[in-house]
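A.B. asks: Just so you know, we're using the numbering used here here: the sequence shown kicks off at 15 and counts up by one.
Have a look at the structure that comes next, please.
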Amino acid sequence: MKKKAINALKKSPLHFLFWLIVWFFFFSFFSVGTKNIDFIFWFSTLLSIITIVSTYQFIYQLIPNYLIHKKYKLFALYTFYSLVFIVCAVLVIVVFGFVFFYNLEFKNMPALTKNSGVILICVLLIIVLASSFKILKYNYQSLEEKKTLENKFLQTQL
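So this is what it looks like as structure tokens:
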């Protein structure tokens, strides 16, 4: 238990740096064509929160508990639920910006923040990249464990 806490503390600066880069990506990407920095700041922050929650749901819950243990039906079901959550949350953010920052004037909103498809692709891209990294890390650890077991087995045979 104590070892896990120490390991988590070692990883937290890297996680913070990664999410800071993601936030900066959202901020710079969605700020194209607008001068309303307040809106872009809050838009990027809320989008980053949704991305963080969804990514950690995938890499710490869905992948280890369902995908790795070959429970594909449950993995597909919970992935569908997560996608529904992501779509709803993105639409709420777009409506939030539409109502509170642009006073129901849709034509004044930046073009990229009006397009829910682009926003979803950006969020899902980050989730897929982080999940892919987690799966690759798991496969590497499995290979290392397999090599260790093979070496122990060969030593016992000698």
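Every residue gets a Cβ at the ideal spot worked out from N, C-alpha and C, and that includes glycine.
Would you kindly work out how many angstroms separate the C-alpha atoms of residue 36 and residue 78, rounded to a whole number?
C.D. replies: Start at 1 with the first residue of the sequence shown, and residue 36 comes out as number 22. Start at 1 with the first residue of the sequence shown, and residue 78 comes out as number 64. Residue 36 and residue 78: Cα-Cα distance of roughly 24 Å.
A.B. asks: Report the residue from 27, 55, 48 and 24 whose alpha carbon sits nearest the alpha carbon of residue 38.
C.D. replies: Counting from one through the sequence shown, the residue named residue 38 turns up at place 24. When only C-alpha atoms are compared, the closest one is 55.
A.B. asks: Check residue 46 in the structure and name its three-state DSSP category.
C.D. replies: Translated into positions along the sequence shown, residue 46 becomes position 32. DSSP places residue 46 in coil when its eight states are reduced to three.
A.B. asks: Enumerate in chain order the residues of its own chain whose CB-to-CB distance from residue 34 is below 6 Å, with the five nearest sequence positions on each side excluded.
C.D. replies: What you label residue 34 is simply residue 20 of the sequence shown in a count that begins at 1. Hits under 6 Å: none found.
A.B. asks: How is the alpha helix (DSSP H) around residue 82 delimited, first residue to last?
C.D. replies: Translated into the one-based positions of the sequence shown, residue 82 becomes position 68. Segment: none, residue 82 is in no alpha helix (DSSP H) and carries neither H nor E.
A.B. asks: Could you give the distance in angstroms between the alpha-carbon of residue 131 and the alpha-carbon of residue 71?
C.D. replies: Residue 131 sits at position 117 when you count from the first residue of the sequence shown. Residue 71 sits at position 57 when you count from the first residue of the sequence shown. Taking the straight line from one Cα to the other gives about 22 Å.
A.B. asks: Please determine, among 57, 32 and 26, the residue with the shortest C-alpha to C-alpha distance to residue 43.
C.D. replies: Taking the first residue of the sequence shown as position 1, residue 43 is located at position 29. The shortest Cα separation from residue 43 among 57, 32 and 26 belongs to 57.
A.B. asks: In this structure, how does DSSP classify residue 27 when only helix, strand and coil are distinguished?
C.D. replies: Against the sequence shown, residue 27 aligns to sequence position 13. In this structure, residue 27 counts as helix in the three-state DSSP scheme.
A.B. asks: Could you check whether the segment 157 to 170 touches the segment 96 to 106, counting it as contact only if at least three pairs of C-beta atoms, one from each stretch, sit closer than 8 Å?
C.D. replies: Verdict: no, contact absent.
A.B. asks: Which residues bound the alpha helix (DSSP H) around residue 153?
C.D. replies: Within the sequence shown, the letter at position 139 stands for residue 153. Run containing residue 153: 130 to 171, per the alpha helix (DSSP H) assignment.
A.B. asks: Comparing alpha-carbon positions, which option in 41, 52, 103 and 86 lies nearest residue 67?
C.D. replies: Stepping through the sequence shown from its first residue, residue 67 is reached at position 53. The residue with the shortest Cα to Cα distance from residue 67 is 103.
A.B. asks: Measure the C-alpha to C-alpha separation of residue 61 and residue 170 and round it to an integer number of angstroms.
C.D. replies: Residue mapping note: residue 61 aligns to position 47 of the sequence shown, counting from 1. Residue mapping note: residue 170 aligns to position 156 of the sequence shown, counting from 1. Rounded to whole angstroms, residue 61 to residue 170 spans 54 Å at the Cα level.
A.B. asks: Just how far apart, CA to CA, sit residue 73 and residue 47?
C.D. replies: As a first step, residue 73 must be located in the sequence shown, where it is residue number 59. As a first step, residue 47 must be located in the sequence shown, where it is residue number 33. Taking the straight line from one Cα to the other gives about 34 Å.
A.B. asks: How far does the alpha helix (DSSP H) with residue 60 in it reach, from first residue to last?
C.D. replies: Working through the sequence shown from its first residue, we reach residue 60 at position 46. First-last of the alpha helix (DSSP H) with residue 60: 51 to 71.
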